[in-house]
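Quick mapping for you: the protein sequence lines, in order, are chains L and C. Residue numbering for the first sequence follows our numbering, starting at 20 and increasing by one per position. Residue numbering for the second sequence follows our numbering, starting at 12 and increasing by one per position. Ideal placement from N, C-alpha and C gives every residue a C-beta, glycine not left out. Remember, it's a predicted structure, so these values are computed and weren't measured experimentally.
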Amino acid sequence: MTGSVRHLYVHLPFCAHRCGYCDFVTVVGRRGQHAAYVDGLLAELELERAVLAPELETVFLGGGTPTFTQPRELERLLGALPPAAEVTVEANPETVTPALAALLRRTGVNRVSLGAQTFQPRLLGVLDRVAGPDDVRVAVYHLLDAGFDNISLDLIYGIPGQEPSDLAADIEEALALRPEHLSCYELEAKPGTRFTHGHGEELRRQAEAMEGYFECVVETLVAAGYRWYETANFCRADAAERDLRSRHNLAYWRGRDYLGLGIGAVSTVRGRRWRTTPRLGAYLGALSEGRNPVREYEPLADAVRREERVMLGLRLDEPLPVATVAGSLDAHALARLERLGLVRHVPLADDDPPAAGDALILTTRGRLLGDAVTADLVT
Amino acid sequence: MDLDHIRNFSIIAHIDHGKSTLADRILELTGTVSGRNMRAQVLDTMELERERGITIKAQAVRVSWKAHELNLIDTPGHVDFTYEVSRSLQACEGAVLVVDAAQGVEAQTVANAYLAIENNLEIVPVVNKIDLPQADPDASAAELAELVGGKPEDVLRISAKTGDGVAEVLDAIVDRIPPPSGDAKAPPRALVFDSSYDQYRGVVAFVRVVDGAFAAGEPLRAMAQGTRFEAEEVGFFAPTMKAADTLGAGEVGYVITGLKDVSRLRVGDTLTSEQRSAAEALPGYKDVKPMVFAGLFPTDSDDYPDLRDALERLKLNDAALFYEPESSQALGFGFRCGFLGLLHMEIVRERLEREFDLDLLVTAPNVAYRVLERNAEWLEVHNPAEMPRELDAVEEPYIRASIIVPKDYVGPVMELNNERRGRFDHMEYLSPERVLLAYELPLAEIVLDYYDQLKSRTRGYASFDYDVAGFREGDLARVDILIADEPVDALSMIVHREAAYSRGRALVERLRQEIPRQFFDVAVQAAIGSRVIARETVKAKRKDVLAKCYGGDITRKRKLLEKQKAGKRRMKQVGAVEVPQEAFLAVLNLNDGTKR
């Protein structure tokens, strides 16, 4: 029996150290457990293989720092995962050596997402990042040398102490590397965290200036020829006419099913979502006995799915077909948001099923205000 | 009981000076309540009264002491109920005036003493709490003697807590307070000094019989209001209700009327017999009018019927409470309620929230205004939003305020009163250390935060009391608030013209902080008529999107969205602008953080 899920996420939680701003499931050190963890992932994959389609569209290795995993174990994992049209691995710049680049290349990885974050040494320090600005450049060249032609850079803006000129410099330096793809995230300082405690005052001081940062990122990248295809994601127009959007992330935004392996990983399969325990010991223990690890399940009612569809779909620059979400839209709010120039009705493209009705798309200003617009729009 | 063996008295005191404790000891000592059944402060029946340490409803208890019948008439202890206090005092021949030995004479002591003197009562001065380490009985006795015009050695010194000296108080009541006078043969007359509503028996009137006698089954009439009813039962409290055959001249007790609404039998009215009607009512009846008004709105508009029912039920027991439906475009359906004063408002609000479990939004209080419209008649306005913009004259209520402070704080109090348009009347030294300041002030200047300011500027030493002096013409302006060009009725205010600009500025600035940024610029304006006197802009927000949406953790993102939606639901819609409910209370907090 085979399933229909065409997107696979694999979580590799290991890091050399924890960065102050990070709130993902990570495990620091524990080099001795990398092999056991890869065993666990592969065991979990076997338990869930039935939900996967015979051919996958995307595989995404996220972390943590996937490239911090012992090379032998990383290679064993990549060798055992099913092949896919797009295979992405997240990497920290300082981990990218010629050997690692070659390893990734020979195991079928065809896209690398580099966590550059910023090119300003002072701000890298604030983020607790180990890599220096040159590490990013060097990593990019190692990857290019190994034959990679689809590289994404992550940038973070809104770092405590970041001046508008710092942001402009970051974008300029990132563009100089001609990456196929850029993800630009605003730093989220969660209340109550050590990071917010340490930098809250500075963040409040720069709050007003930071409001303009997002606009600046969008304007600069669009002017440089990048497509702003998702709220935080940009891709280059390609000479060979490849679609350089992240196909894996598009799957999330379009409401597709996906399977997530590893601690803290989330899966959504046929109207049901689950999150696997974030505890490494519990995870390994269950899988070594051939059982699924503890998971939190969440049934997704149709209304909830539609709400998510609006919430995620409107982040994209492609129209959201109204027919698929009609029951979840507040008609009054929609009319008002249209008058305010935040939402636009557009005809559905001919090849876009279902053909009935029209579609919605946010204007540029609407996208900058996307969360508030969505909160208004969904009933 | 013949008149010579009856004594009718009240205990009057500043709040917390020990009135209720003394009453408890008297009940105990006279055997009216056995020690076992003694519950602290038995006279204060309502839960709320015990918690606040004040008494809302007067009751009368009959006790025996050395072959005499003593009727203890309990009085409400706060400024808002001055009229009720005065009626209770009218039912007595004497009063025990209690002063805390550690605090000395306070503003309410003075107000109550004057009320007692006005009613020709014999005053038995008592210094209480002599057992306290910080007590200064000599100083308090000297102040008290000075106040009532007696000798310090006639002032009794007691501790109601320990019972020390309480028997001497009872002896003094018998010895010093005269027996009631009255004509047992004359057509019956009784003063209604309080009333209460019982779910099963209707309105219970508390009365002091002046002439004649009252018996059950007799058809009666309230002379001022003209209400007719039959006395279902007469009796007295000892301390629970005990039916009696008759209530005779000089006696104090209750009449069960069967009436279904306390407003039909108002305090101060005179009861007489239908068959043998008295020619003249007892003097002093006054129709008390609410002076302070506020809008009460349910936080959840679905609770409107519950609020209406709750007000109906409160009104049964509170003749002074006034309410009428109000609809505000900003706050929806609610009621405009009238109160005797701020404490009365606070009590009603707390009872609604506590006893009826309602979640309320109470607008900033305002006073009643009398308005002369162009070529028209005087009319009373209870809501700033209803104040006509075109008018010939406005009058506002004034109060006579007594403030007692240690002499070092006279300056700050004068400064405060000047800021509040106060007119100095006179000042007297109660002792070398303590000063009484008499002022006339517009009530409107008191209703917002005067008491808090007074306390904070005198480090809590000031005591304050007032009574309403009547309406005076004022140079007043109606200031309207416009949010995105929409006038917001709930935020209109009536202010003295000289203060209009600064109040308007302050409110508009406050609103700018309270109103969250929207998709567009929002102008917040204060205007007198069509003239804008202050303006602020809530700038449109430029960004509201969390960039990150990572690793398929869509549930987390959805929860954030739901939180944002829930926040919006708590907003009230003013035109196209979403305004949080708290913003409508902005006028209440205008002085926070800004020294006036």
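- When the Cα atoms are used, Val392 of chain L and Val106 of chain L turn out to be separated by approximately 33 Å.
- Val362 of chain L and Leu381 of chain L have their C-alpha atoms spaced approximately 4 Å apart.
- Scanning its chain for C-beta atoms nearer than 8 Å, with the 5 sequence neighbours on each side dropped, one finds no residue around Ala242 of chain L.
- DSSP lists L:Arg291 as the beta-bridge partner residues of Pro318 of chain L.
- Excluding five sequence positions before and after Gly223 of chain C, the CB atoms of its chain that fall closer than 6 Å to its own CB belong to Ala197, Pro198 and Pro199, given in chain order.
- Distance from the CA atom of Tyr245 of chain L to the CA atom of His200 of chain L, rounded to whole angstroms, is 8 Å.
- Sorting C:Arg432, C:Arg219, C:Ser170 and C:Glu430 by C-alpha distance to the C-alpha of Pro191 of chain C places C:Arg219 at the top.
- Taking the C-beta atoms as reference points, Ala378 of chain L is found nearer than 8 Å to Leu339 of chain L.
- Of all residues in the stretch 563-582 of chain C, only Gly563, Asp564, Ile565, Thr566, Lys568, Arg569, Leu572, Gln575, Lys576 and Lys579 place a beta-carbon less than 7 Å from a beta-carbon of chain L.
- With fewer than 16 other CB atoms across the displayed protein chains lying within 10 angstroms of its CB, Gln584 of chain C is exposed.
- Taking CB atoms only, Phe33 of chain L has no neighbour in chain C less than 8 Å away.
- Residue range Asn252 to Arg255 is occupied by the beta strand (DSSP E) that includes Asn252 of chain L.
- Counting along the chain, Gly481 of chain C sits inside the beta strand (DSSP E) bounded by residues Ser474 to Glu484.
- Listed along the chain, the chain C residues whose CB falls inside 8 Å of the CB of Glu234 of chain L are Arg553 and Lys554.
- The Cβ atoms of Val397 of chain L and Val329 of chain L lie closer than 8 Å to each other.
- For Asp436 of chain C, same chain residues with a beta-carbon under 7 Å away, outside a window of 5 residues either side, are Ala449, Tyr450 and Glu451 in chain order.
- Under the three-state reduction of DSSP, Met229 of chain L is assigned to helix.
- The shortest C-alpha to C-alpha distance from Leu518 of chain C to any of C:Ala495, C:Arg546, C:Gln529 and C:Asp496 is the one to C:Arg546.
- Judged by DSSP in its simplified three-state form, Ser97 of chain C adopts helix.
- Only Tyr204, Glu205 and Glu207 from the stretch 204-220 of chain L bring a Cβ to less than 7 Å from some Cβ of chain C.
- Boundaries of the alpha helix (DSSP H) around Thr566 of chain C: Ile565 to Arg580.
- With contacts defined by Cβ atoms closer than 8 Å, Ser503 of chain C and Ala396 of chain C form a contacting pair.
- In the DSSP secondary-structure assignment, Arg239 of chain C is bridged to C:Arg232.
- Checking the DSSP bridge columns, you'll see Trp76 of chain C partnered with C:His79.
- Within chain C, the residues Leu572 have their CB atoms less than 7 Å from the CB of Thr393 of chain L, given in chain order.
- When the beta-carbon positions are compared, Val135 of chain C and Val180 of chain C come within less than 8 Å of each other.
- As the crow flies, the alpha-carbon of Glu113 of chain L is around 10 Å from that of Thr86 of chain L.
- When C-alpha distances from Gly211 of chain L are compared across L:Arg125, L:Asp42 and L:Leu27, the shortest belongs to L:Asp42.
- Counted as a single uninterrupted DSSP element, the beta strand (DSSP E) harbouring Lys253 of chain C occupies residues Met252 to Ala255.
- Here Phe167 of chain L is not bridged, per DSSP, to any residue.
- Taking 8 Å as the cut-off between beta carbons, the residues of the stretch 516-539 of chain C near chain L are Phe530 and Phe531, in sequence order.
- Contact annotation for Val285 of chain L against chain C: Gly562, Gly563, Asp564, Ile565 and Thr566 [CB-CB distance below 8 Å, chain order].
- Along the stretch 338-416 of chain C, the beta strand (DSSP E) occurs as fully enclosed runs of 3 or more residues at 343-350, 371-373, 380-384 and 389-392, listed in sequence order.
- Taking 7 Å as the Cβ-Cβ cut-off, the stretch 64-78 of chain L has no residue approaching chain C.
- DSSP places Val424 of chain C within a helical segment (H, G or I) once states are collapsed to three.
- Proximity of Arg95 of chain L to chain C, defined by a Cβ-Cβ separation below 8 Å, is not satisfied.
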